[in-house]
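**Student:** Chains as they are written, first to last, in our numbering: chain A, 266 to 591; chain B, 113 to 256; chain C, 213 to 700; chain D, 2 to 576.
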Amino acid sequence: MAEKKLQIALYWAAACGGCDVAVLDTNEFILDVGAVADIRLWPIAADGKYADIEAMEDGELDLALFNGAVRNSENEHLAKLLRSKSKLLVAFGACAHLGGIPGLANLTTKEEIFERAYLDNPSIEEGNTTVPHPETPFNGDVLTLPQFYKRVYKLDDVVDVDYYLPGCPPAADQVKAVVLTLVAGATGQGELPPKGAVVGASERAVCDDCPRTKNEKKVKRFYRPWQIMADPETCLLEQGILCAGPATRSGCGARCPSSGIPCRGCYGPVPGVVDQGAKLLSAVSSIIDSKDPGEIERIIAGLPDFIGYAYRFGLPSALLQRSVRS
Amino acid sequence: MTFEPKIVGFLCNWCSYTGADLAGTSRVHYAPNVRIIRVMCSARIDPTFVLKALHDGADGVLVCGCHPGDCHYSEGNYKAMRRFPLLKQLLADYGIEEDRVHLEWISASEGQRFADVVDDMTERVRALGPSHVRFDLASDMAER
Amino acid sequence: MTRKISIDPITRLEGHGKIEIFLTDDGAVEDCFFQIPELRGFERFVVGRPIEELPRLVTRICGVCPASHHMASAKAVDGCFGGQVAPLAVKLRRLYYNAHFMHSHIAHFYALAAPDFVVGPDADPAQRNILGVVAKVGLEIGGAVIKARAQAQEIQRIVGGRSTQDIWCIPGGVAKGLKEDELEQIRPMVDELYDFAVFSLQLFRDVVLGNKAYVDIIVHGPYALDVQNMGLVDENNAPDFYDGMVRVVDFEGNEICRYAAKEYTDYVAEHVEPWTYLKFPYLKQRGWKGFVEGIDSSIYCATPLARLNVADRMATPKAQEAFEEMYATLDEHPSRLLLAQHWARLVEMVQNAEAMRDLCADPEITGDQFRVIPEQVTGEGIAIVEAMRGTLTHHYTCDENAICTSANLIVGTTNNNAPIQMVTKKVAQAMIAPGKEPDQGILNMVEMAFRAFDPCFSCATHSLPGEMPLQITFHKAGKVWRELRRNC
Amino acid sequence: MEEPRTGVYVCNCGTNIAKVVDCDAVADSAAQLPGVVVARSYKYMCSNPGQEMIAQDIEEHALERVVVAACSPRMHEPTFRRALQTAGLNPYFLEMANIREQVSWVHDDGAVATQKAKALVHAAVNRVVHHEPLDRMSVDMCPNTLIIGGGIAGMTAALEFAGAGKQVYLVEKLDHLGGNLARVDLTAPYLDSARDIIADRITRVTDNEHIDVMLDAQVQSLDGFVGNFKATIRRETGLEGDGPTVSVDVGSVVVCTGYKEFDASRVTHYGYGKLPNVITSFEFERMLHEGRVETKEGRLPQYVAIIHCVGSRSPEFHAYCSRVCCMTALKYAREVKSALPKSYVSDIYVDMHAFGKGMEDFYRRSAEIKTLFLMYERGEPPVIRRADPDDDCEMLIEVHEQLSGEVIEIPADLVILMVGMEAREDSGEVARLVNISRDKDGWFIESHPKLDPVATTTEGVYIAGTCAAPKDIPDTVAQARAAAGRILGKIARGKIDIDAVYAEVDEDKCSGCRVCNELCPYVAIEYDAETRRSHVISALCKACGACVAACPSGAIKARHFTDEQIFAQIEGVLA
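(1) Given a cut-off of 8 angstroms, decide if G151 of chain D and E173 of chain D are closer than it, judged by their beta-carbon atoms.
(2) Would you say the stretch 522-532 of chain D touches the stretch 507-527 of chain A, given that touching needs at least three Cβ pairs under 8 angstroms?
(3) In chain B, what lies closer than 8 angstroms to A575 of chain A by C-beta?
(4) Can you tell which of A:K460, A:L501, A:D554, A:L445 has the C-alpha that lies nearest to the C-alpha of Q454 of chain A?
(5) Is it the case that the Cβ atoms of L166 of chain B and L585 of chain A are separated by a distance below 8 angstroms?
(6) Please list, in chain order, all residues of the same chain as G51 of chain D whose beta carbon is under 6 angstroms from its beta carbon, the five residues on each side excluded.
(7) Look at the Cβ atom of P411 of chain A, then the Cβ atom of N337 of chain A, and state whether they are nearer than 8 angstroms.
(8) Where C576 of chain D and A575 of chain A are concerned, what is the direct C-alpha to C-alpha distance, given to the nearest angstrom?
(9) Starting from L495 of chain C and walking both ways along the beta strand (DSSP E), at which residues does that stretch end?
(10) Which word fits F669 of chain C, buried or exposed, when buried means at least 16 other C-beta atoms lie within 10 angstroms of its C-beta?
(11) State the start and end residues of the unbroken beta strand (DSSP E) segment that holds K496 of chain D.
(12) Distance cutoff 8 angstroms, beta carbons only. Does L194 of chain B sit that close to anything in chain A?
(13) Quick one: list the residues of chain A neighbouring K118 of chain B, beta-carbon separation under 7 angstroms, in chain order.
(14) Only counting the same chain, and skipping five residues up and downstream in sequence, which positions put a Cβ closer than 6 angstroms to that of F196 of chain B?
(15) Tell me which same chain residues have a C-beta within less than 6 angstroms of the C-beta of S349 of chain A, skipping the five on either side of it?
(16) Find out if the Cβ-Cβ distance for the pair V126 of chain D, V69 of chain D is shorter than 8 angstroms.
(17) For a quick check, are the C-beta atoms of E598 of chain C and R519 of chain C less than 8 angstroms apart?
(18) Within 10 angstroms of its Cβ, does I468 of chain C collect 16 or more other Cβ (buried), or is it exposed?
(19) Note the first and the last residue of the continuous alpha helix (DSSP H) segment covering G156 of chain C.
(20) Going by DSSP in three states, D171 of chain B sits in which element: helix, strand or coil?
(21) Rounded to the nearest angstrom, what separates C72 of chain D and G495 of chain D at their Cα positions?
(22) Would you mind giving the Cβ-Cβ distance between I398 of chain D and I280 of chain D, rounded to the nearest angstrom? I have them listed as a contact below 8 angstroms.
(23) For chain D, find out if any of its Cβ atoms is closer than 8 angstroms to the Cβ of T114 of chain B; answer yes or no.
(24) Could you give the DSSP three-state label for D29 of chain D: helix, strand or coil?
(25) Using DSSP with H/G/I as helix, E/B as strand and the rest coil, what is I18 of chain D?
(26) Between P144 of chain D and T204 of chain D, what straight-line distance do the alpha-carbon atoms span, to the nearest angstrom?
(27) Take E255 of chain C and list the residues in its own chain whose beta-carbon comes closer than 7 angstroms to its own, dropping the five residues that flank it on each side.
(28) Round the Cβ separation of R66 of chain D and V129 of chain D to the nearest angstrom and send it over; I've been treating them as touching at under 8 angstroms.
(29) What ranges does the alpha helix (DSSP H) occupy inside the stretch 452-494 of chain D, keeping only unbroken runs of at least 4 residues that lie completely in it?
(30) Helix or strand or just coil, what does DSSP make of T478 of chain A?
(31) Closer than 7 angstroms by C-beta to K483 of chain A: which residues in its own chain qualify, once you throw out the five before and the five after it? Chain order, please.
(32) Please state the DSSP three-state secondary structure of S105 of chain D.
(33) If you count every other CB in all the chains shown that lies within 10 Å of the CB of L192 of chain D, and 16 or more means buried, which is it?
(34) Using 8 angstroms as the limit for Cβ to Cβ distance, is W217 of chain B near chain D?
(35) Spatial neighbours of H674 of chain C within its chain, please: CB distance less than 8 angstroms, with the 5 preceding and 5 following residues excluded, ordered by chain position.
(36) Which partner residues of E410 of chain D appear in the DSSP bridge assignment?
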């Protein structure tokens, strides 16, 4: 075992870099990994020989951690490349797992995004009509840019994924645990999780780890977080503050509710749940305390843009993808 | 040929489903577009069912329960009633036409009414045309 | 026929920024393009979301400096509610933000910049990384670096619940206050960080200023750019990272303008080129004049150095000493020497540490009045903070139900898009000339030019700062002619 | 996964299904579905040969699942479940597709109907794959019974139980037993005295050691489930209102709350309430009781008129027939004659309903005693007005007589309105109390109108007598005995099977968010503060599934209505 070092690659696509920071936040642990593995590609921490990756045999890599969603042709190309070169491919973090916050772009269109970024914008150069283009000719040659897709995809929309590590970003200790498990598995010193498994997360919802006290729930009014001084000890949902905790897999350690901020669901659905948003919807509306249709309407008016809460981190993984608008 | 919508109907066992049976025993004829799925109570209807039906190609979804105050489980239909407006809002956020998903109270003695509801819903969904919701990743990626 | 050289800082396929250099047949640089191939569209898809959610959304623009976006966003959202904020919340936010600034600067200086200076620009690439630095300065210092970064992060976590992908600010204040016991945890860390900042300055003095070769690179390298400077200052024209007025000063030290956040559209505009997704901000009143240097150029830098360039003094005593020492050595204020960025960063770190110390000493800091409930929705908010990598502007509007109706962002690195463009071309021209074949050297030089700006393409394009693998591909009539690589 | 071996049986239901649906085609398409090893179309699946066919196939083809496409599962699901059980297969491995009530009886286009039938069968086959073997829970049957209502029905049932030595709690709202029958004098057709019928029963009931009669009492709450109810009963202690409550354990409940008579003043053209000598049938019964047939003024009436269908069989009031009024009217005609031989009796009716044993003879005999029969059109009811002073009568009734086709005016000194039966105003409360449903007229709904007339949709709760619909004494008594018989059978077994369909919490998934806690109408969900988990008391759960849909963790499973099963059905109907 020891003589042949593990071959590892880390990569980010349409992401913010928080996932790589999460890896950095394992601090000295990285050095331990360095001891058992060759990190063949990791742009943030340098010294990755990309060209070698392309030159590699298929399956030459043992493990590839891919974070970020697929927003453009380059992201997709790299996803496919790493898939073919690596024995194990891990969707690392909410964007690769569910589409992440960049996935909210699926509520709008490519045209609207370009319009806003380059044409209709208070600080844009007056009278500008230029927008970036995949191909710009220059002296008989051409400057190329990757193609910006119509919508955002999650990693397993474009390639086959072995494991999913949820979180925005994944908690550093979870990253540690998962890397250890996979390294052990890949070196035959341990059992690999079943293919397709969500790793580095709890089997229960965030409430299980949330320190707030929970009681029977009946809600007469929903509040936006800034509208009331929430009691620091009791369940936020009970107080009428929309919290995705009950419909969200734990593993984060309930960081947000512990700090007085409602959960927004970055770890994705609880195991066995098909659509996180639908489940949040069902739970939240089930605790409405009224039998009067008019009053019920008034109560849910306290939950504007529900789709933005229901699929904050997972629109590309929701049951419904395409609306009549697109 | 005219478009024949596919509608999935979720009916509670005690009132609506019995009402639909009554339409049958009374030989009341109605549009054949609704395919009925029986649940014990309208409160069992998880919004996921509705999204799943739309996702799998339903052009419309009909949800039926007992009349408020007359639920076999005393208040199950109120639970359905509470979930529905938020579900409608979510579907609207998606840009899905309102008439595609409909909630109706049908009692065990309202066979005729059930038939009317089905005919009416079928007409409204037919007028909307086929649902654009059904999502096929392959074709979507092909045209991106 | 033109030859095209393409430098992929993070090769094409990893693609978060590449350089295309066009050579004439005789081998002179004809033109040079620094391309950013990414766009995510936050400005569009935050529309329709409840305005108070934006501070939690925009942090995903950049996982490297999420706190900068969180702060700018929080302030812009406060603005949408009439701008009323609990005074204690402002103090807590400053404490939190200084901590964030500090760990970001530590990471950059030691992991990214130090290799050039501590290990040496000409050292073996394999050694030119944090491990090399540790090898040179000794393990205990290496340990101290990791510890300091972790401590600064821990302070952020204790104060605001999370150290990355921040969640803490809500309209009118912050979600949680600072408890007495939490303050007691923080205090010793703050003191250690102060000592660490002072130590880092000393290290710079000893290792860098003590080495004539390095000083030469800083002062005489091709890394001077005759463009203007932008930065946020307080009423005394001392740097302020959280709030203040934007001051723009030309490279000779004349103030061009001094404006409040809400006026930004009068002073800054963004130019678009078809070959890159990243826009080019410029001084609006001067108009877009292209990528040109000069005293009346409309191009500006917004960097640590620029911040000190527009400042008359530092806000805290120890930082003030460091400030005076630096400019005395550089012997110009403002300075055009891009590599002085690293020094500027250390000076800022001292101010961060001192500021945190003062805030911890504030008797009110553990109070419970850390939030006010907004009474009205006024509909528009514009906020500016200093991100580590430059001035950061967030501009929102919302409807009467506090739902976002529009958003506009000018992020730190975007400000420096044009200067990066220009310095890259400058370096290329210096290194590539008729008859002079490009060689490995160009890689280091180009990288150092980049590094000077610490370009955070997470913000601008969401690639990451790092020791960027470099690759130059020389094209003759579109065909690959030769390749040079480092770290790739 | 390897699909379980499934058999599909398409019932022709004689021609009920086959005349519209191409059953063979449905079977053929089913045969193509994964896992289906045998698919047959047969004339009557519910017949013995039909059931044996299933049993045989289970044997021969080693079937693991069975789908029957036939009538509504509400009709024959128990039948086919038994068939599976006798063949040694878990009864819950059955799924039915309703292609009669919801296809052949409601669609006429054969092609379309067959298409729909195929889809429903596809859904059933998809679903049955995910079925799990379930065991019914067997719990003790409490031998005590609660009877609500002390009328003829309630007392009859009570005596049945007492006769079998079983404890009964008979709860009567009023201060006396007897119900509506106690307000009646003689009964049709044999004119024996209702008094005797009632009085005898009242003494037997009150004297019986096994019958705890609670007068001035009302059931306040009923919790629990079949075999194990707990009822709280509040006794009114006269004037000072609310009295003590007692709580009793019962295994079954018989609802015998009876009816109330129609309020005649709602029919304006009869002038009831304005004209002093227009009275209702019950007011007339009281006269007979007191043995004096006379007008308000105390004169003996020369002309007596009886008007039928007051409030019944009328579009604006009740569409239904109250079933007993016609014969009661004839009874009155005879009683008037015997009381006042010189008087003239006219009987104004719509149709004379004389169904049932001895009734036609009774009708004929009444005709012989010179009663004047006048038939009016439902749309044109008679109109009563005061007579002029010089007339020899007090009132004049204008009737559009159907047989002669003439408008006839007849004299009257006393008018008896045959008021119909209607559901009691408190029937809604009672329905909610014992959790049963009412039809549009407020009558309680039976489990099946023909096959199960005294049971309800709530196991352990039965209905008897006129609370279910208007009926006469023999039918009421028959129902009361039927209900008692059903219950005594269960008591004799001592144990009772609870449906295996209920909700279950997977505590490894439950996060203790407590969203479900408030939702259960039967307080079947317990939260354990120690383990911070919620859990369902299966015996109390009635399987509505409210908590299942609400659980954001998908930690609650609705046995036999799982998400997987319903998803599979959705895919099936849309395939």
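A virtual CB, placed ideally from N, CA and C, is assigned to each residue, including glycine.
**Tutor:** In brief:
(1) Between E173 of chain D and G151 of chain D, the CB-CB gap stays under 8 angstroms.
(2) Output reads no: the stretch 507-527 of chain A does not touch the stretch 522-532 of chain D.
(3) By Cβ distance, chain B contributes L202.
(4) Residue A:L445 is the option with its Cα nearest to Q454 of chain A.
(5) Closer than 8 angstroms, so yes.
(6) If the five residues before and after G51 of chain D are omitted, its C-beta is found closer than 6 angstroms to the C-beta atoms of Y43, Y45, all from its own chain and listed in chain order.
(7) For P411 of chain A and N337 of chain A, yes; Cβs fall inside 8 angstroms.
(8) The displayed chain sequence assigns Ala, not Cys, to residue 576 of chain D. Roughly 29 angstroms between the two C-alpha positions.
(9) Run containing L495 of chain C: 492-495, per the beta strand (DSSP E) assignment.
(10) Note that F669 of chain C has pLDDT 45, beneath the 50 cutoff, so the model's placement of it is unreliable and the number below is only indicative. F669 of chain C comes out buried.
(11) According to the DSSP assignment, K496 of chain D belongs to the beta strand (DSSP E) that extends over 496-499.
(12) Leu is not the amino acid found at residue 194 of chain B; the sequence shown has Arg there. By this cut-off, R194 of chain B is an interface position.
(13) Neighbours of K118 of chain B on chain A: none; closest Cβ ~16 angstroms, over 7 angstroms.
(14) Listed in chain order, the non-local C-beta contacts of F196 of chain B below 6 angstroms within the same chain comprise L215, local neighbours out to five positions each way being set aside.
(15) The answer, listed in chain order, is D323.
(16) Contact flag unset, no.
(17) In this structure, the beta-carbon distance from E598 of chain C to R519 of chain C falls below 8 angstroms.
(18) With at least 16 other beta carbons inside 10 angstroms of its own, I468 of chain C counts as buried.
(19) Residue 156 of chain C lies beyond the range of chain C shown here (213 to 700); nothing can be said about it.
(20) In this structure, DSSP gives D171 of chain B a state outside helix and strand, which the three-state scheme calls coil.
(21) It is roughly 33 angstroms from the alpha-carbon of C72 of chain D to the alpha-carbon of G495 of chain D.
(22) Separation of the CB atoms of I398 of chain D and I280 of chain D is rounded to 14 angstroms, and the pair is thereby denied contact status at 8 angstroms.
(23) No - not a single Cβ of chain D is within 8 angstroms of the one on T114 of chain B.
(24) Helix at D29 of chain D.
(25) Coil, per DSSP.
(26) Rounded to the nearest angstrom, the gap between the Cα atoms of P144 of chain D and T204 of chain D is 24 angstroms.
(27) Apart from the 5 residues on each side of it in sequence, E255 of chain C sits with its Cβ closer than 7 angstroms to the Cβ of A619, N620, L621 in its chain, given in chain order.
(28) Contact between R66 of chain D and V129 of chain D holds, with the beta-carbon distance rounding to 4 angstroms and staying under 8 angstroms.
(29) Fully enclosed alpha helix (DSSP H) runs of 4 or longer: 474-494.
(30) In this structure, T478 of chain A counts as strand in the three-state DSSP scheme.
(31) Within the same chain, K483 of chain A has close Cβ partners I552, D554.
(32) For S105 of chain D, the secondary structure class from DSSP, reduced to helix, strand or coil, is helix.
(33) L192 of chain D should be labelled exposed.
(34) By this cut-off, W217 of chain B is not an interface position.
(35) Any reading at H674 of chain C must be qualified, since the residue scores a pLDDT of 28, below 50, and its modelled position is unreliable; no value is offered.
(36) The partner list for E410 of chain D (beta bridge, DSSP) reads D:E399.
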